[in-house]
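Numbering (UniProt numbering), first residue to last: 1 to 223.
Just so it is clear, CB atoms sit at the ideal spot from N, CA and C, and this is done for glycine as well.
Source: prediction; values computed, not measured.
What follows is the structure, given as structure tokens:
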């Protein structure tokens with residue numbers, strides 16, 4: 001039997017016809033992706049997208065529920081897409097280290113364990129990093145490789161440490177700073193990572209620029 005290079009292409013995405021989008025099945029064929037989606041809607045879990053993204057977002061509290069329930073409504077595999085060194089320091093419980101460069105390999109980009117979840121009914125692939133920057137790019141790449149059931153954890157490991165600390169194994173990263181909390185009254189000291197762009201001529205002390213507040217994660221999340 002002919003196999004492509006790597007021999008582990010994810011299952012092909014099945015196209016949907018909008019004409020029959022609202023047609024319901026009349027026969028109960030057992031557990032499937034449509035049934036799981038309806039259950040999620042009934043429990044008021046919203047799966048939403050940002051306009052420029054092709055993946056879904058999952059709140060830490062939702063992930064905690066899925067990982068701790070005896071029979072969760074969705075079976076998930078959790079991948080830590082940070083470098084291995086960061087994974088060893090601290091991670092989400094039961095997560096698998098899968099550094100993002102692995103997704104770009106020409107040969108065997110997907111492990112057999114990951115393939116068992118990609119585009120499979122009732123299952124999902126959940127990615128996370130420290131603060132979404134790596135995970136978002138990796139999730140979009142997975143979508144380009146014909147994977148529809150991809151999620152990222154909203155706020156990354158920092159938000160998990162703040163909202164669901166029971167999921168953390170190892171050393172937890174510092175939680176994300178609330179917007180505006182960095183500005184102390186009367187203080188001109190720059191926040192970590194900010195650079196001093198210019199100094200005021202004739203002043204005995206330079207004035208630094210603060211780094212911009214973290215971007216809003218948006219309201220489009222899986223609640």
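- Counting other Cβ atoms within 10 Å of its Cβ, residue 84 stays below 16 and is therefore classed as exposed.
- Around residue 135, the same chain offers 81, 127, 128, 129, 152 as residues with beta carbons nearer than 6 Å, after the five sequence neighbours per side are excluded.
- Collapsing the DSSP output to three states places residue 177 in coil.
- For residue 156, the uninterrupted alpha helix (DSSP H) segment begins and ends at 156-163.
- Below 8 Å, too few C-beta pairs join the region 100-116 and the region 50-66 to call them touching: fewer than three.
- Between the C-alpha atoms of residue 92 and residue 102 there is a straight-line separation of about 19 Å.
- The C-alpha of residue 64 is placed about 17 Å away from the C-alpha of residue 175.
- The Cβ neighbour count for residue 149, taken over all protein chains shown within 10 Å, is at least 16; the residue is labelled buried.
- Residue nearest to residue 169 within the set 131, 62, 94, 68 is 94 (criterion: CA-CA distance).
- Annotation: residue 79 to residue 141 spans about 14 Å, alpha carbon to alpha carbon.
- Here residue 173 is buried. Its C-beta has 16 or more other C-beta atoms within 10 Å.
- Considered as a whole, the region 55-95 harbours 60-68, 84-89 as its complete alpha helix (DSSP H) runs of no fewer than 4 residues, in chain order.
- Taken through DSSP and simplified to helix, strand or coil, residue 111 comes out as coil.
- For residue 127, DSSP records a beta bridge to 79, 152.
- About 14 Å separates the beta carbon of residue 131 from that of residue 90, a gap too long to meet the 8 Å contact definition.
- When C-alpha distances from residue 96 are compared across 76, 105, 104, 106, the shortest belongs to 76.
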